[in-house]
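For the numbering used here, add 586 to where a residue sits in the sequence shown, where the first one is 1.
Note that the Cβ used here is the ideal one computed from N, Cα and C, for glycine as well.
Computed from a predicted structure; not experimentally measured.
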Amino acid sequence: MLYIIGLGLYDENDISVKGLKALKACSRVYAEFYTAILQGASLSAIEELTGKDIDILRREEIEEERVPLLEAEKSDVALLVPGDPLIATTHTELILDARRRGIETRVIHASSIISAAPGLAGLQAYKFGRIITVPFTSENYFPTSPYVNIKDNLERDSHSLVLLDIEAHKRRYMTANEGLEYLLRASEKLGDDTINEKTLAVVIARAGSERPLVRADAISSLLKEDFGDPLHCLVVPAGLHFIEAEYLVEVAGAPRSIVEAMII
């Protein structure tokens, strides 16, 4: 049996009781932290809670070498995954490969930024369009597709959840400020002002913690702020229901003049 168990959003306490019970039945426990991290937990804290020694696997050990599957052919094995297990396609492929090898699988879900961010922002989940990820750029690499996808969502009057790149092996986590700067640079590069300094954006930091940060304002104002420790993500809202608008004002500190102009 291969268990793929979600760790949730922030620390070791986010794992479900069902997940803990499954772990106790496993002879080997692996974890990956290249798709996301638990900013509020250390490996030792997870090991103390679960009572298991945990081996952290690199991306290639899961995607190419299939280390968890090799062990699961002989015994019950768990793979711990930040957030919800099947949000990353690499884990969907792992299940497909397990089925081909005749290995039984079981997924134990947990909280995910995909559902947490819309809720924290006070925005209706069914009004979100395509999820976007902003990658780290370089002198020779500056894709504009994330900007174009947000523009497409806005044209469909859909909110955009914007995830920000991580390079866990380098302990490098894109900040909300870097993500917003990318949007303005992409706007300039494309000669398109759909997203500009006056555009309303929402910053969410440390979702799942006891004190997550939720802040909404024009991009120009947000760029001047420090949102603290990772992980960060962004939301670019489209037209707002009046309840969404009120939430952004009262909870996220958005200027009333900006959100009221966006009510539909």
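Grab the span of the beta strand (DSSP E) containing residue i for me, first residue to last.
i, result
"tyrosine 589", "588-592"
"valine 896", "This structure does not reach residue 896, given that the chain is present from 587 up to 850, and the question cannot be answered."
"threonine 636", "First-last for threonine 636: 629-636, but that is the alpha helix (DSSP H), not the beta strand (DSSP E)."
State the Cα-Cα distance for the pair residue i and residue j, rounded to the nearest angstrom.
i, j, result
"asparagine 735", "lysine 610", "43 Å"
"isoleucine 632", "leucine 665", "13 Å"
"glutamate 647", "glutamine 710", "38 Å"
"isoleucine 718", "leucine 749", "6 Å"
"valine 663", "isoleucine 590", "9 Å"
"glutamate 649", "alanine 702", "27 Å"
"proline 841", "serine 806", "13 Å"
"aspartate 778", "leucine 706", "29 Å"
"glutamate 796", "lysine 810", "25 Å"
"arginine 652", "alanine 802", "42 Å"
"valine 800", "alanine 658", "41 Å"
"glutamate 634", "methionine 848", "48 Å"
"isoleucine 700", "serine 661", "32 Å"
"arginine 685", "leucine 629", "30 Å"
"glycine 626", "tyrosine 596", "5 Å"
"proline 654", "threonine 675", "16 Å"
"serine 843", "glycine 708", "18 Å"
"alanine 696", "arginine 644", "22 Å"
"leucine 859", "isoleucine 829", "No answer is possible for residue 859: it lies beyond the span of the chain, which begins at 587 and ends at 850."
Let me check one thing: in DSSP terms, what residues is residue i bridge-paired to?
i, result
"isoleucine 790", "Val800, Cys819"
"valine 845", "In the DSSP output, where bridge partners are listed per residue, valine 845 has none listed."
"phenylalanine 714", "His745"
"arginine 614", "Val663"
"glutamate 753", "Arg758"
"leucine 691", "At residue 691 the sequence reads threonine, which differs from the leucine that was named. Threonine 691 pairs with Leu588."
"glycine 669", "Gly594"
"tyrosine 727", "Ser724"
"aspartate 641", "Tyr616"
"threonine 719", "Leu749"
Tell me where the alpha helix (DSSP H) around residue i begins and ends.
i, result
"aspartate 861", "The requested residue 861 is not part of the displayed model; the chain covers only 587 to 850."
"arginine 771", "762-776"
"valine 835", "828-836"
"isoleucine 699", "699-706"
"histidine 622", "Before going on, a small fix: residue 622 reads as alanine here, not histidine. Unbroken run through alanine 622: none, as it is neither H nor E."
"leucine 809", "Premise fails: leucine 809 is in no alpha helix (DSSP H) and is neither H nor E."
"glutamate 657", "653-658"
In chain order, what residues of the same chain lie with their CB nearer than 7 Å to the CB of residue i, ignoring the 5 residues before and after it?
i, result
"valine 603", "none"
"tyrosine 733", "Leu769, Ala772, Ser773, Leu776, Ile781"
"threonine 668", "Note that residue 668 is proline in the sequence shown, not threonine. Excluding positions up to five away in sequence, the list reads Leu593, Phe619, Thr621, Ala622, Ile623, Leu624."
"arginine 742", "Gly715"
"leucine 672", "Thr678, Val693"
"serine 698", "Gly669, Asp670, Ile673"
Give me, in chain order, the residues of the same chain whose beta-carbon lies closer than 6 Å to that of residue i; leave out the 5 immediate sequence neighbours on both sides.
i, result
"valine 822", "Ile736, Ser746, Ala787"
"histidine 818", "Leu750, Thr761, Ala762, Ala791"
"phenylalanine 722", "Asp751"
Cutting at 8 Å between CB atoms, please list the residues of its own chain near residue i, excluding the five before and the five after it.
i, result
"valine 728", "For the record, residue 728 in the displayed sequence is phenylalanine; it is not valine. Around phenylalanine 728: Arg771, Ala772, Lys775."
"aspartate 641", "Arg614, Val615, Tyr616, Ala617"
"glutamate 846", "Ala831"
"arginine 687", "Leu655, Glu659"
Which whole-angstrom value is the C-beta distance of residue i and residue j, which I expect to be below 8 Å?
i, j, result
"proline 816", "tyrosine 759", "4 Å"
"threonine 691", "leucine 588", "5 Å"
"lysine 713", "serine 744", "6 Å"
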